[in-house]
Amino acid sequence: MFIYNTLTRKKEEFKPLNPPNVRMYVCGPTVYDYFHIGNGRTFIMSDIMRRYLEYAGYKVTFVMNLTDIDDKIIKKSNEENIPSSAVAEKYINAFMEDLNKLKIKKADIYPKATENITDIIDMIKKLEEKGAAYSAEGDVFYNVSSFKDYGKLSGKKTDELESGARIEVNDLKKNPLDFALWKNAKPGEPSWESPWGKGRPGWHIECSAMSCKHLGETIDIHAGGNDLIFPHHENEIAQSEAANGAEFVKYWIHFGFLNIKEEKMSKSLGNFFTAREIVKKYPAEVLRLLFLQTHYAGPLNYSDELMESAGKGYEKIRNLVSRLKEKISVSPEGEDKSGFDFESFLNKFKAAMDDDFNTPKAVASVFDYAKEINAFIDKGDNLPKGFFENALKTLSVTADDVLGIISKDEEIKQGDNKLLEDVINLVLEIRSDAKKNKNYSLADQIRDRLTGLGVIIRDSREGTTFKLK
Ligand code: AMP
Ligand code: ZN
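The numbering used here numbers the first residue of the sequence shown as 1 and each following residue consecutively.
What follows is the structure in structure tokens.
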């Protein structure tokens, strides 16, 4: 298996430090708002990498941090006049709900900055002892000139950076490139006790400390969006390697931006769709399929037309699943002696994924497989149940377990009636609007009438689901 490593700028054979274990860390969200599908691209593509590594037999420990203290959270807490911890809690819950909606597997650990302050402080102390950090009036800064490899990830040279204009100015810094490890408390801001007085951690140190705490000094994979290469990941390397005296990360993976009209989707430009609004319009599988059809490292321009076209691809897979399920229920018992070459498809799928997670090729192999299976069924007589079971299993371990593009909803299991499902979802949407407008009697009436028709609905925090009696 080969992975493009941002650090070496080469595709390299993937050799984990301690196989079959793989230690993977992905920079997670700053929890001050709902996340948009640009962030979603990073979350979905890292999920697919993790699922594929598991498919390939690795035992992955997957850690994603939650930045739950930062300027944006404090700003929101002041605007809404609620504690910053309440802002973080609200958006952590929303984040978890949205991951679930996008069919993203839960990380093994979601460490929060505010719950790891002691580890963060310990790492800063270590850096101070080693002469890589200095304090000034309650702030602590990383001394960039003390780290000779600074710039090795981004390929930026320190002298060029120093003349760059976009560096935060702060009179307390010895060098403009130095960055904050610890920030002195400002009035009204949340703060924690530390050897330098009350304050809060900087953003970069959070990832170095939590990655080390949960995965060890050297990890296999660290991933995030392209925008994190500099300064965030460059600074993480400087902190971790100076503190631990060990290589921090073997393979650095970076995701290309999701753009809209050639511009990066971002909160500040206002050109975004939240994940939760998209999944109201399209099944999560369609968004996943759209992302999969472009290589993770390149830019991807989002448009409704692309979503419509991904939707057509999704229908093809869905129709095949229905067809196979129906065939399983009506075909005669018997082993598969058809001679259909399932291995050849699995080999193509693996070869694509082994080549730096080439998901466009992997998806193309799934569509070819669907075409071949459909043609095989069209001309085959009396194929036994065993054949259809193999066909479904092969589709399920690839397109479902790894790519997550097959819907698992109850309705499909219960008869594949797409129109009925769409109509019930429409009625449920109207009911949800009625509840939002506090028209509870209408909402209850809808529920009772649906129950009378044999549609059992269940409300939960994640939304409403239904089952047919
Ligand atoms: P944030 O909450 O802004 O810190 O972002 C969370 C993750 O999403 C980071 O790994 C970012 O690099 C990534 N990200 C933000 N915007 C985009 C975008 N438009 N396309 C792809 N990834 C993004
Ligand atoms: Zn990070």
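Cβ coordinates follow ideal geometry from the N, Cα and C atoms, glycine included. What you are looking at is a predicted structure, and each value in this text was computed from that prediction instead of being measured.
Asked	Found
Skipping 5 residues on each side, what residues in its chain have a beta carbon closer than 8 Å to that of residue 451?	457
Tell me the DSSP secondary structure of residue 31 in three-state form.	coil
What are the boundary residues of the alpha helix (DSSP H) that includes residue 310?	304-330
Would you say residue 447 touches the ligand AMP, meaning its beta carbon is less than 6 Å from a heavy atom?	no
Which residues have a Cβ closer than 5 Å to any heavy atom of the ligand ZN, listed in chain order?	27, 207
Does the pairing of the segment 200-217 with the segment 236-255 give three or more beta-carbon distances under 8 Å?	yes
Per DSSP, residue 274 forms a beta bridge with which residues?	36
If you run the structure through DSSP and keep just helix, strand and coil, what is residue 444?	helix
With a threshold of 16 other CB atoms inside 10 Å of the CB of residue 381, please say whether the residue is buried or exposed.	exposed
Going by beta carbon distance, what residues of the same chain come within less than 6 Å of residue 28, once the five residues before and after it are set aside?	64, 65, 66
Is DSSP giving residue 285 helix, strand or coil here?	helix
How about residue 32 and residue 72: do their beta carbons lie closer than 7 Å?	yes
Considering just the uninterrupted stretch of the beta strand (DSSP E) at residue 386, what are its terminal residues?	Run containing residue 386: none in the beta strand (DSSP E); it sits in the alpha helix (DSSP H), 385-395.
Using only the heavy atoms of the ligand AMP, determine whether one of them is closer than 6 Å to the beta carbon of residue 264.	yes
At which residues does the alpha helix (DSSP H) containing residue 88 begin and terminate?	84-101
Is the number of C-beta pairs between the segment 217-230 and the segment 19-26 that are closer than 8 Å three or more?	yes
Does the structure place the segment 179-198 close enough to the segment 136-151 that three or more beta carbon pairs sit under 8 Å?	yes
Of the residues 44, 299, 8, which one's Cα is nearest the Cα of residue 403?	44
Nearest by alpha-carbon distance to residue 455: which of 425, 463, 467 is it?	467
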